[in-house]
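J.: Just so we're aligned, residue 1 is where the sequence shown starts under UniProt numbering, counting upward by one.
For glycine and all other residues, C-beta sits at the position ideal for the given N, C-alpha and C.
Quick caveat, the model's predicted, so the values are computed rather than measured.
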Amino acid sequence: MISMYKKIGVVGDKDSVLAFKALGIDVFPVVEMDEARKTVDRLAMNNYAVIFVTEQVAQGIEETIERYTREVLPAVILIPSNQGTLNIGMQRISDNVEKAVGVNIL
């Protein structure tokens with residue numbers, strides 16, 4: 001079952017995601033938050049193992065991101081956009097480490 005999950009995608013504004021195409025990652029530029037929500041859901045249904053989402057987009061679709069946080073796959077990972085970071089992705093990593101270890105070691 002897990003061997004079906006081999007694809008990687010990135011969702012965000014066009015300027016931020018286009019560079020990922022050179023790495024062989026499927027890119028999904030979005031403008032509207034409803035479009036972003038539907039794109040993340042579609043990628044999850046189509047067996048994407050990892051879905052990168054820019055922090056700016058993630059802010060607008062928090063409930064969708066949270067739904068996949070509770071699932072093993074796909075792994076939804078927040079990344080900074082080309083406009084910089086909002087530190088949301090790093091904060092999520094820090095929270096997860098603290099939850100797993102019992103103390104924030106980062």
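Write down the C-beta distance between K7 and Y48 rounded to the nearest angstrom, noting that I regard them as a contact closer than 8 Å.
T.: Contact holds; Cβ gap of about 5 Å.
J.: To the nearest whole angstrom, what separates the beta carbons of S81 and T39, a pair I think is in contact under 8 Å?
T.: Not quite, the Cβ-Cβ distance comes to about 15 Å (not below 8 Å), so this is no contact.
J.: Would you mind stating whether A36 and V11 have Cβ atoms separated by less than 9 Å?
T.: Yes, Cβ-Cβ distance for A36 and V11 is below 9 Å.
J.: CA-CA distance, G25 and M45?
T.: Strictly speaking, residue 25 in this sequence is Ile, with Gly absent from that position. Whole-angstrom Cα-Cα distance: 17 Å.
J.: For Y48, which residues does DSSP report across the bridge?
T.: In the DSSP output, where bridge partners are listed per residue, Y48 has K7.
J.: CA-CA distance, P29 and K14?
T.: C-alpha separation (whole angstroms): 5 Å.
J.: By the 10 Å Cβ neighbour count, where 16 or more other Cβ atoms means buried, how is V31 classified, buried or exposed?
T.: Exposed, since its Cβ has fewer than 16 Cβ neighbours within 10 Å.
J.: Could you compute how far the alpha carbon of L18 sits from the alpha carbon of V50?
T.: Each residue's Cα considered, the two are about 17 Å apart.
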